[in-house]
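Student: Got a structure for you, questions after.
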Amino acid sequence: FCSFTSLVLTTGAETLLTLLHIVITIITGYLTLAVVYYPLIALFGRVNPARLYSKALPMMLTAFSTVSSSATIPDSMSAAKRCGVSPKVYSLAIPLGATINKNALCIFVTASSLFLCRINGVEISASAMVFLIFFVLMSVIGAATVPGAGIITLSVILSQLGCPTESIGLMMGVIPIFDMVGTPVSCLGTLSSTFLTASEAHMVDLGAYNR
């Protein structure tokens, strides 16, 4: 809140309109990602996805409040258990997913990088775009699962693209919003992947899932 207030006082209210576009873009990306899981569960899991989403709600609330996929691991495991996933699967898949499955962070870092490069007049060539995609995928895997970790990842990528890293200050006021919305989406993706993996291996108790 203090960063956001300082930003408005320093740059003027016009900045709010500029930020509004990137906020809408990233949040839309998060929501799209959450919707994509739905048909995948129905198609490959051959179950009603609405049940998984309802069983995942407590986990997503924890992810929203803690903004940490690692802190949400116990609730993620509980959600997987309620979905009938075998402990042999979720005891490995959930902690692994909390570490490397950061889909929402990929959306945030990519969109923010393009946004900051544009307002700083940094041209992104086709080769730079390919580099950006590859580097984002590699860097987010090693990102810490704590609030604000995306700032570090974003600063590294901006420096590689030749964009001033101090321009991150423009995003500081809205990054907590992205963290709160993006963490539940990433945790939902981990749970969905865990369920689909267990379903493919016939290690899902459909009776428990449908209860």
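First residue of the sequence shown? That's 7 in the numbering used here, and the numbers climb one at a time after it.
Quick reminder that beta carbons are idealized off the backbone N, C-alpha and C, glycines included.
Source: prediction; values computed, not measured.
1) I believe residue 159 touches residue 115 by the beta-carbon criterion, under 8 Å. Please report the beta-carbon distance rounded to the nearest angstrom.
2) Would you tell me roughly how many angstroms separate the C-alpha atoms of residue 177 and residue 207, rounded to the nearest one?
3) So if DSSP puts residue 210 in a beta bridge, which residue, or which two residues, is it bridged to?
4) Between the Cα of residue 209 and those of 49, 31 and 92, spot the shortest distance and give me the residue it belongs to.
5) Taking the straight line between their C-alpha atoms, what separation do you get for residue 179 and residue 117?
6) Tell me, to the nearest whole angstrom, how far the beta carbon of residue 95 is from that of residue 196; I am working on the premise that it is less than 8 Å.
7) I need the straight-line Cα distance from residue 23 to residue 113, nearest angstrom please.
8) Check for me: the alpha helix (DSSP H) holding residue 76 runs from which residue to which?
9) Compare the beta carbon distance of residue 69 and residue 171 with 7 Å and say whether it is the shorter of the two.
10) Check whether the Cβ atoms of residue 81 and residue 55 lie closer than 7 Å to each other.
Tutor: Reading it off the structure:
1) 5 Å
2) 43 Å
3) 91
4) 92
5) 16 Å
6) Incorrect: roughly 12 Å between the Cβ atoms, too far for contact.
7) 21 Å
8) Premise fails: residue 76 is in no alpha helix (DSSP H) and is neither H nor E.
9) no
10) no
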